[in-house]
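**Student:** After the structure tokens below, expect a handful of questions from me.
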Amino acid sequence: MAKYIALLRYMVIRSLQFRSELVIWTILDAIPFLVLFLIWIGMYQDQDTIRGYTLHQTINYYLLVILIGAISDIHFEEWRSDEIRNGKIDFFLIRPLSYIHEILWKDIGGKVTYIAMFLPIFLLFLGITASLNLGTFAFPLSRLVLFLPLLILAYLINFMIGLWIVLGTFWLEGSHGLQHFKWVTITLLSGSMLPLAFMPSWMSQIVHSLPLKYLYAVPIGVVQGTYQFGAVDAVYLSATVIGMFLFSRWLWSKAVYQYASVGG
Amino acid sequence: MYKHWHLFWFFRKVSLMKLMEYRTDFYFWMTVSVMWTTFNFFFFSLLINLNGTIGGWSRWELYALLGVFTMLDAFTWSFMAQNMWSYTGQIFSGKLSGVLVKPIDAQFAMMATETSYNNIPRFLIGLAAVAWSLRQLGITPDSISIILFITTFFFALLFIYSLWFTVATLAFWVEKLDNINEIVPAFRRMWQVPRTVYIGLSSTLFTVVLPLGLVSSLPTEILLHQLSGAWLSYFIVFSCLTFLVSRVFFKYSVKKYSSVGG
Numbered sequence: 001m002a003k004y005i006a007l008l009r010y011m012v013i014r015s016l017q018f019r020s021e022l023v024i025w026t027i028l029d030a031i032p033f034l035v036l037f038l039i040w041i042g043m044y045q046d047q048d049t050i051r052g053y054t055l056h057q058t059i060n061y062y063l064l065v066i067l068i069g070a071i072s073d074i075h076f077e078e079w080r081s082d083e084i085r086n087g088k089i090d091f092f093l094i095r096p097l098s099y100i101h102e103i104l105w106k107d108i109g110g111k112v113t114y115i116a117m118f119l120p121i122f123l124l125f126l127g128i129t130a131s132l133n134l135g136t137f138a139f140p141l142s143r144l145v146l147f148l149p150l151l152i153l154a155y156l157i158n159f160m161i162g163l164w165i166v167l168g169t170f171w172l173e174g175s176h177g178l179q180h181f182k183w184v185t186i187t188l189l190s191g192s193m194l195p196l197a198f199m200p201s202w203m204s205q206i207v208h209s210l211p212l213k214y215l216y217a218v219p220i221g222v223v224q225g226t227y228q229f230g231a232v233d234a235v236y237l238s239a240t241v242i243g244m245f246l247f248s249r250w251l252w253s254k255a256v257y258q259y260a261s262v263g264g
Numbered sequence: 001m002y003k004h005w006h007l008f009w010f011f012r013k014v015s016l017m018k019l020m021e022y023r024t025d026f027y028f029w030m031t032v033s034v035m036w037t038t039f040n041f042f043f044f045s046l047l048i049n050l051n052g053t054i055g056g057w058s059r060w061e062l063y064a065l066l067g068v069f070t071m072l073d074a075f076t077w078s079f080m081a082q083n084m085w086s087y088t089g090q091i092f093s094g095k096l097s098g099v100l101v102k103p104i105d106a107q108f109a110m111m112a113t114e115t116s117y118n119n120i121p122r123f124l125i126g127l128a129a130v131a132w133s134l135r136q137l138g139i140t141p142d143s144i145s146i147i148l149f150i151t152t153f154f155f156a157l158l159f160i161y162s163l164w165f166t167v168a169t170l171a172f173w174v175e176k177l178d179n180i181n182e183i184v185p186a187f188r189r190m191w192q193v194p195r196t197v198y199i200g201l202s203s204t205l206f207t208v209v210l211p212l213g214l215v216s217s218l219p220t221e222i223l224l225h226q227l228s229g230a231w232l233s234y235f236i237v238f239s240c241l242t243f244l245v246s247r248v249f250f251k252y253s254v255k256k257y258s259s260v261g262g
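Each protein sequence line maps, in turn, to chains A and B. With the working numbering applied, the first sequence covers 1 to 264. With the working numbering applied, the second sequence covers 1 to 262.
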């Protein structure tokens, strides 16, 4: 465990070098939501509810999307893919430390710094929306107990999808396209774009049938009290994470035989 | 002037030769750009299904706006993005001297070098969306509207370019900020929606102080025969001023530049 903590610590220190960039990312990530908030404010001007959602609930929904995204999104695909494509992972293959663990712990380290930068800005944002009577959080402890594990599982699902894209580099020339495909798919089918109630029924059914709903729609539904997380969900989510984990292991075991690098 | 004209087309030719060299890359990124464009239209169609209007704009008016946004976006990614990345990269790495010593305007040289042709389908989709939406609205633009539209479209591009170049020029003043070139693209969301979405303080901020909200809306309003002469004049003047600021700021900032030897 000590070696993983060391990796995490190293990454926290390293990412602190780029703290100005992290602050800029946080602000830039909020811009689409600012525009969305303005759109929703306009749409609610002549009605109190849209499909059962008040303006307050809708804004609250997107605030939670921002929070969940900051904690569970991953962004290592591009540079890790380049690392593999350029034959720069030999070092990791001969060390008593798995490359996958290396990716995981460094990502967590970077995330710790990002969250430390993100939270004050987010709280400021939350303060502004609350002062404008637009939206804020109500976190009953019972819901928080369920929300936190869901966040961790959402991160793991995101991590493994990202890992598949990285491992895809062992076979494919460029995996950047897969990354864009991932963004579009997750945005459409996870509930980060729209609450389930706002989707057409055919789309809502697709979202309900896929595990991507556990990234945004379900955790937010749990906090807002609009989703009852039952035993079926627990089984489905566990099976998904375990299945994804086993597939990742299998993929790595095959991928490593595809690797060739230059000497020197 | 002839020299600049000749060089501009020479650089386009070089970019085309590069495209021929990496054809798979071209098809690949073309697919990605079409995917995002489709996503944008789909997302706004879902939103408008809920209410019938966004900021008072009907479905087909909004699609026309999205078409204009898509065309602007195609130009932005084709002519600006790569050049901006190269510009800030050269500042951070100390390799800008190579451009500064050339017997040609440095700003022109940096901004005319690269072109990406991946966004041609995106432009065509935008154009088709505008044409189809106008047809659905029963509007046939006359020649004056088309000329005015092209003029406003040009000034919208000039505004985006000047703003982006000014922000990128900040690279002279900061130690190292890799995402400095992400700032203006992130603000694209601001001109993806009708300007009427901005109300109260946000209206003052995004249509007057920094008129991002006018970028796509004004050209679209010309086509929809809803032109506001005052807003159009304001935007044209603002775009020209932004361009001047970008040039002055660049000339001032470049004095701070120190290169590497070798």
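Every residue gets a Cβ at the ideal spot worked out from N, C-alpha and C, and that includes glycine.
(1) Return the chain-ordered list of same chain residues with a C-beta closer than 6 Å to the C-beta of methionine 160 of chain A, the five sequence neighbours on each side being excluded.
(2) For threonine 49 of chain A, which three-state DSSP category applies?
(3) Looking at the unbroken alpha helix (DSSP H) that takes in methionine 30 of chain B, where does it start and where does it end?
(4) Does glycine 182 of chain B come within less than 9 Å of chain A when only Cβ atoms are used?
(5) To the nearest angstrom, how far is the alpha carbon of histidine 6 of chain B from that of alanine 106 of chain B?
(6) For phenylalanine 44 of chain B, which option in A/Gln258, A/Gly225, A/Phe198 and A/Val112 has the closest C-alpha, if you only look at C-alpha atoms?
(7) If the criterion is Cβ atoms closer than 9 Å, does the pair asparagine 179 of chain B and glutamate 77 of chain A meet it?
(8) Cβ closer than 7 Å: which chain B residues qualify as neighbours of serine 20 of chain A?
(9) Between the segment 115 to 135 of chain A and the segment 203 to 217 of chain A, are three or more C-beta pairs nearer than 8 Å?
(10) Considering only DSSP beta bridges, list what threonine 54 of chain A is partnered with.
(11) Nearest chain B C-beta to glycine 42 of chain A closer than 9 Å, yes or no?
(12) Please confirm if the segment 195 to 209 of chain A is in contact with the segment 100 to 118 of chain A, defined as three or more CB-CB distances below 8 Å between the two stretches.
(13) Phenylalanine 198 of chain A versus chain B: which residues are under 9 Å apart at the beta carbon?
(14) How would you write the range of the alpha helix (DSSP H) that threonine 220 of chain B sits in, first residue to last?
(15) Which term fits glutamate 61 of chain B, buried or exposed, when burial requires 16 or more other beta carbons within 10 angstroms of its beta carbon?
(16) May I have the straight-line CA-CA distance separating phenylalanine 267 of chain B from leucine 72 of chain B, to the nearest angstrom?
(17) Applying the 10 Å Cβ sphere with the 16-neighbour rule, what's the burial state of lysine 13 of chain B?
(18) Using a Cβ-Cβ cut-off of 6 Å (strictly less than) and excluding sequence neighbours within five positions of tryptophan 85 of chain B, which residues of its own chain qualify?
(19) Buried or exposed for threonine 38 of chain B, going by 16 or more other Cβ atoms inside 10 Å?
(20) Would you mind telling me which residues of chain A sit closer than 8 Å to valine 34 of chain B, beta carbon to beta carbon, in chain order?
(21) At 3 residues or longer, and completely inside the segment 42 to 129 of chain A: list those beta strand (DSSP E) runs for me, N to C.
(22) Three or more C-beta pairs closer than 8 Å, one from the segment 220 to 236 of chain B and one from the segment 137 to 155 of chain B: is that the case here?
(23) Report yes or no: do the segment 177 to 188 of chain A and the segment 19 to 38 of chain B share at least 3 C-beta pairs separated by less than 8 Å?
(24) If you measure between the beta carbons of phenylalanine 238 of chain B and phenylalanine 172 of chain B, is that distance less than 9 Å?
(25) Pick helix, strand or coil for tryptophan 85 of chain B, following the three-state DSSP scheme.
(26) Report, in whole angstroms, the separation of the C-beta atoms of isoleucine 27 of chain A and isoleucine 121 of chain A, which I expect to be a contact under 8 Å.
(27) What are the residues of the segment 190 to 222 of chain B that lie near chain A, defined by any Cβ-Cβ distance shorter than 8 Å?
(28) What residues match up with isoleucine 54 of chain B in a beta bridge as DSSP calls it?
(29) Any beta-carbon of chain A closer than 9 Å to the one on isoleucine 120 of chain B?
(30) Helix, strand or coil for glycine 262 of chain B per DSSP?
(31) Can you give me the Cβ contacts of leucine 146 of chain A inside the same chain, cut-off strictly under 7 Å, excluding the 5 residues immediately before and after it?
(32) First and last residue of the alpha helix (DSSP H) that includes tryptophan 77 of chain B?
**Tutor:** The structure says:
(1) Counting from one through the first sequence, the residue named residue 160 of chain A turns up at place 160. If we look at methionine 160 of chain A and ignore the five residues flanking it on each side, its Cβ neighbours are Met244 and Ser248.
(2) For the purposes of this step, residue 49 of chain A is taken as the residue at position 49 of the first sequence. Threonine 49 of chain A falls in the strand class under three-state DSSP.
(3) Here residue 30 of chain B refers to the residue found at position 30 when the second sequence is read from its first residue. Annotation for methionine 30 of chain B: the continuous alpha helix (DSSP H) segment containing it runs 23 to 51.
(4) For the purposes of this step, residue 182 of chain B is taken as the residue at position 182 of the second sequence. In the sequence under discussion, the amino acid at residue 182 of chain B is glutamate, which differs from the glycine named in the question. Answer yes: the Cβ-Cβ gap between glutamate 182 of chain B and chain A drops below 9 Å somewhere.
(5) Taking the first residue of the second sequence as position 1, residue 6 of chain B is located at position 6. Taking the first residue of the second sequence as position 1, residue 106 of chain B is located at position 106. Rounded to whole angstroms, histidine 6 of chain B to alanine 106 of chain B spans 16 Å at the Cα level.
(6) Position 44 of the second sequence holds residue 44 of chain B. Per the Cα distances, A/Phe198.
(7) Counting from one through the second sequence, the residue named residue 179 of chain B turns up at place 179. Counting from one through the first sequence, the residue named residue 77 of chain A turns up at place 77. No. Outside cutoff.
(8) What you label residue 20 of chain A is simply residue 20 of the first sequence in a count that begins at 1. What serine 20 of chain A touches in chain B: Leu177.
(9) A contact between stretches requires three or more CB pairs, one per stretch, nearer than 8 Å, and the segment 115 to 135 of chain A fails this requirement with the segment 203 to 217 of chain A.
(10) As a first step, residue 54 of chain A must be located in the first sequence, where it is residue number 54. Looking at the DSSP assignment, threonine 54 of chain A forms a beta bridge with A/Thr49.
(11) Translated into the one-based positions of the first sequence, residue 42 of chain A becomes position 42. Yes, contact with chain B.
(12) no
(13) Here the question's residue 198 of chain A lines up with position 198 in the first sequence. Those within 9 Å of phenylalanine 198 of chain A in chain B are Leu46, Leu47, Asn49 and Leu50.
(14) For this step, residue 220 of chain B is matched to residue 220 along the second sequence. Taken as a continuous stretch (DSSP letters only), the alpha helix (DSSP H) holding threonine 220 of chain B covers 217 to 223.
(15) As a first step, residue 61 of chain B must be located in the second sequence, where it is residue number 61. Buried.
(16) Residue 267 of chain B lies beyond the stretch modelled for chain B, which goes from 1 to 262, so this question has no answer here.
(17) Residue 13 of chain B sits at position 13 when you count from the first residue of the second sequence. Residue environment for lysine 13 of chain B: exposed (fewer than 16 other C-beta atoms within 10 angstroms of its C-beta).
(18) Reading the second sequence from its first residue, position 85 is the one you call residue 85 of chain B. Answer for tryptophan 85 of chain B: Asn181, listed in chain order.
(19) Locating residue 38 of chain B in the second sequence gives position 38, where the first residue counts as 1. By the neighbour-count rule (16 or more Cβ atoms within 10 Å), threonine 38 of chain B is not buried but exposed.
(20) The residue labelled residue 34 of chain B in the question sits at position 34 within the second sequence. In chain order: nothing, as chain A lies at least about 11 Å away.
(21) none
(22) Result yes; three or more Cβ-Cβ pairs closer than 8 Å.
(23) yes
(24) Position 238 of the second sequence, counted from the first residue, corresponds to residue 238 of chain B. Position 172 of the second sequence, counted from the first residue, corresponds to residue 172 of chain B. Cβ atoms of phenylalanine 238 of chain B and phenylalanine 172 of chain B: not closer than 9 Å.
(25) Here residue 85 of chain B is taken as the residue at index 85 of the second sequence, counted from 1. Three-state result, tryptophan 85 of chain B: helix.
(26) Within the first sequence, numbered from 1, the residue matching residue 27 of chain A stands at position 27. Within the first sequence, numbered from 1, the residue matching residue 121 of chain A stands at position 121. About 7 Å separates the two Cβ atoms, so the contact holds.
(27) Met190, Gln192, Val193, Thr196, Val197, Tyr198, Ile199 and Ser202
(28) Numbered from 1 along the second sequence, position 54 holds the residue referred to as residue 54 of chain B. Paired residue(s): B/Trp57.
(29) Position 120 of the second sequence, counting from 1, holds the residue named residue 120 of chain B. Taking Cβ atoms only, chain A never reaches closer than 9 Å to isoleucine 120 of chain B, which makes this a no.
(30) Here residue 262 of chain B corresponds to residue number 262 of the second sequence, with the count starting at 1. Interpretation of glycine 262 of chain B is limited by its pLDDT of 45, a score under 50 that renders its predicted location unreliable; the figure taken from the coordinates is listed afterwards. Glycine 262 of chain B falls in the coil class under three-state DSSP.
(31) By 1-based counting over the first sequence, the position of residue 146 of chain A is 146. Correct list, in chain order: Val222 and Phe229.
(32) What you label residue 77 of chain B is simply residue 77 of the second sequence in a count that begins at 1. Tryptophan 77 of chain B -> no alpha helix (DSSP H), and no H or E assigned at all.
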